[in-house]
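Mind the numbering: the sequence shown is residues 493 to 721 in our numbering, read in order.
C-beta atoms are modelled at their ideal positions from N, C-alpha and C, and glycine is treated no differently.
All figures in this text were calculated on a predicted structure; none of them were measured in a lab.
This report concerns only the one structure given below.
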Amino acid sequence: MTRFVGIDPATFTGVVILDADGRPIGETVLKGKGKSAPGGITQEQRVSLENQLYSILRPGDVITKEGIGHATEMLITTAKIHGGLEGMITRRGLKFNEVAPNAVKKYVDVSGWVGEPGSKQRLKGIAKKEAMAAAALKHFGYSNPRHDVVDAYIIAKIGEAVYRVRNGEKMLHDFHLEYQREVIWSIIDPDAYKEYEKTKKKKSKSTKRRGKPAAADSHTQNTEQQCLF
């Protein structure tokens with residue numbers, strides 16, 4: 493049976509498993525056992541964390557994990573955790589898709605910034621976690637008291653969507669939200685998506701220079717989106 497596994501790697505690693513119909517059948521937060529280190533993770537804890545993930549995975553699992561963010565704090569520790577977990581996936585004979593942290597937020601329409609133009613601040617900490625929890629509830633009717641689990645659930649749903657498009661079960665246009673289509677497309681065909689992004693930015697700059705009425709530009713943009721998807 494196909495299972496969709498979403499992994500949010502960290503010292504507290506969120507893991508969510510969905511069944512073949514996309515319903516959650518496993519939700520957990522993994523924490524490495526052993527002697528701890530201030531502000532990081534010891535090798536003993538990392539090995540424990542990796543072994544716990546290994547024991548959860550099954551042949552045929554469709555795995556999606558979050559990648560490392562550009563502004564990640566404690567980058568070395570984070571990279572070690574990610575590398576170790578990826579090694580366990582490979583040892584299981586499995587492959588995985590990787591989705592950028594910003595794309596995970598984008599999939600549920602969380603921008604990562606708050607405030608008015610010119611004075612925006614990055615959404616982080618508890619505020620970011622609460623925004624993701626609210627977005628998961630809005631988009632999927634899903635809630636969990638553990639924020640790591642909420643993130644892993646969204647990651648698993650992205651993996652499910654990518655799988656269904658790749659296997660012809662769904663088309664991109666079956667996903668009615670543009671931002672979700674873009675995230676799925678960026679994973680399935682990253683090169684084509686990058687070209688689309690370049691074109692999109694050029695047209696946006698051109699629109700600003702022309703100074704056309706907002707309504708006219710809005711109509712043009714909608715027409716382009718219909719053609720692209």
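Mind checking whether the beta-carbon of valine 675 lies closer than 7 Å to any heavy atom of the ligand ZN? Questions concerning the ligand ZN fall outside what the structure shown contains, since it holds no ligand whatsoever.
Under a three-way DSSP split, which group does glycine 633 fall into? Three-state DSSP puts glycine 633 in coil, outside helix and strand.
Given isoleucine 533, which residues of its chain have a CB within under 7 Å of its CB, disregarding the five upstream and five downstream residues? So the qualifying residues of the chain are Thr503, Gly524, Thr569, Ile573.
One question on the structure: do arginine 673 and phenylalanine 667 come within less than 8 Å of each other, judged by their Cβ atoms? Phenylalanine 667 sits close to arginine 673, with the two beta carbons spaced by under 8 Å.
Determine, using beta-carbon pairs with one atom in the segment 553 to 560 and one in the segment 513 to 527, whether at least three such pairs fall under 8 Å. Result no; under three Cβ-Cβ pairs closer than 8 Å.
What separation, rounded to the nearest whole angstrom, lies between the Cα atoms of isoleucine 509 and glutamate 608? So the two alpha carbons sit approximately 38 Å from each other.
Tell me which same chain residues have a C-beta within less than 6 Å of the C-beta of histidine 639, skipping the five on either side of it? The beta carbon of histidine 639 sits closer than 6 Å to the beta carbons of Lys621 from its chain, once the five residues preceding and following it are set aside; these are given in chain order.
Would you kindly work out how many angstroms separate the C-alpha atoms of alanine 706 and lysine 690, rounded to a whole number? In this predicted model, alanine 706 has a pLDDT of only 49, less than 50, meaning its place in the structure is not dependable enough to derive any value.
Give, in chain order, every unbroken run of the beta strand (DSSP E) that is at least 3 residues long and sits entirely within the segment 585 to 658. DSSP runs (the beta strand (DSSP E)) wholly in the segment 585 to 658: 588 to 591.
Are the segment 636 to 656 and the segment 614 to 628 in contact at 8 Å, needing three or more beta carbon pairs? As far as the Cβ criterion goes, the segment 636 to 656 touches the segment 614 to 628, which means the pair count is three or higher.
For glutamate 578, which residues from the same chain have a beta carbon less than 8 Å from its beta carbon, with the 5 sequence-adjacent residues on both sides left out? Hits under 8 Å: Lys557, Phe588.
For the candidate residues Thr505, Ala619, Pro530, Gly651, whose alpha-carbon lies nearest to that of valine 675? It is Gly651 whose Cα lies nearest to the Cα of valine 675.
What do you get for glycine 506, buried or exposed, if any count of 16 or more other CB atoms within 10 angstroms of its CB means buried? With 16 or more neighbouring CB atoms inside 10 Å of its own CB, glycine 506 falls in the buried class.
For glutamate 536, name the three-state secondary structure that DSSP assigns. Glutamate 536 falls in the helix class under three-state DSSP.
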